[in-house]
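Asks:
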Amino acid sequence: MTPQRTEGRTALLVIDMQNSYFDFPELEEQRESVTAKVNELIAAAREGGCPVLLIRTQHERDRSTWTVNMHDDGQGFAYPGTEQSQYVAGLDTEGGVGLVKTRDSAFFDTDLAARLRNLDANRLVLCGISTHSCVAQTAIDAFAHNFRVAVARDAVASENADLSQALLAFLEDEMRQDILHQPDSVARLRG
408 MTPQRTEGRT ALLVIDMQNS YFDFPELEEQ RESVTAKVNE LIAAAREGGC PVLLIRTQHE
468 RDRSTWTVNM HDDGQGFAYP GTEQSQYVAG LDTEGGVGLV KTRDSAFFDT DLAARLRNLD
528 ANRLVLCGIS THSCVAQTAI DAFAHNFRVA VARDAVASEN ADLSQALLAF LEDEMRQDIL
588 HQPDSVARLR G
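Numbering (my numbering), first residue to last: 408 to 598.
#1: The alpha helix (DSSP H) spanning Gly455 covers which residue range?
#2: Could you tell me if Asp561 is buried or exposed, where buried requires 16 or more neighbouring beta carbons within 10 angstroms of its beta carbon?
#3: So, are the CB atoms of Gln491 and Asp430 less than 9 Å apart?
#4: Once you ignore the five residues that flank Ala451 on each side, which residues in its own chain have a CB closer than 6 Å to its CB?
#5: What is the residue span of the beta strand (DSSP E) that Thr417 lies within?
#6: Going by DSSP, name the residue or residues bridged to Ala557.
#7: Please state whether the Cβ-Cβ distance between Tyr428 and Ile547 is less than 9 Å.
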């Protein structure tokens with residue numbers, strides 16, 4: 408007889424809420440509102456005893472961590488110690504655990520899956536920037552690692568609205584991931 412898997416915990420992944428991503432005018436317009444929504448989720452996670460992982464992108468000046476398109480363009484970003492790599496002003500980071508990534512997915516070449524398993528977290532709520540790239544790719548890779556995922560629709564933003572909508576539909580339809588509005592995201596984290 409196969410043992411039943413226990414329900415485990417829910418973890419909140421806060422993705423790329425850092426200055427470099429808000430250089431896009433479309434995202435800068437949403438910075439305050441998205442930060443407020445993300446902070447509400449962080450507070451709910453704290454209340455519900457859910458781990459909070461603060462995930463940031465960071466690249467090395469020596470090009471060793473650059474993506475193909477960064478090499479093509481001859482330009483990197485979010486170098487350690489720069490303003491670009493810092494969290495956006497007003498983001499509640501208290502009690503969150505940091506994780507640095509170099510690709511869109513927070514799972515790529517990091518120990519995120521092991522950290523989540525060590526925390527007994529098998530359900531995730533994702534929020535942050537950008538919906539169509541880093542959030543979506545992290546959600547897809549979470550599916551590959553057998554985590555149950557919900558995307559907090561009101562606490563994500565993107566500079567490409569059409570692509571974001573398409574990817575949210577894909578995550579919901581194909582990956583069977585929940586796309587939740589803010590009250591439902593808060594309720595899930597509070598447990």
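Where a beta carbon is used, it is the ideal one built from N, C-alpha and C, also for glycine.
Replies: In terms of the structure at hand:
#1: 438-455
#2: Flag for Asp561 reads buried.
#3: yes
#4: Val593, Leu596, Arg597
#5: First-last of the beta strand (DSSP E) with Thr417: 416-422.
#6: Val532, Asp585
#7: no
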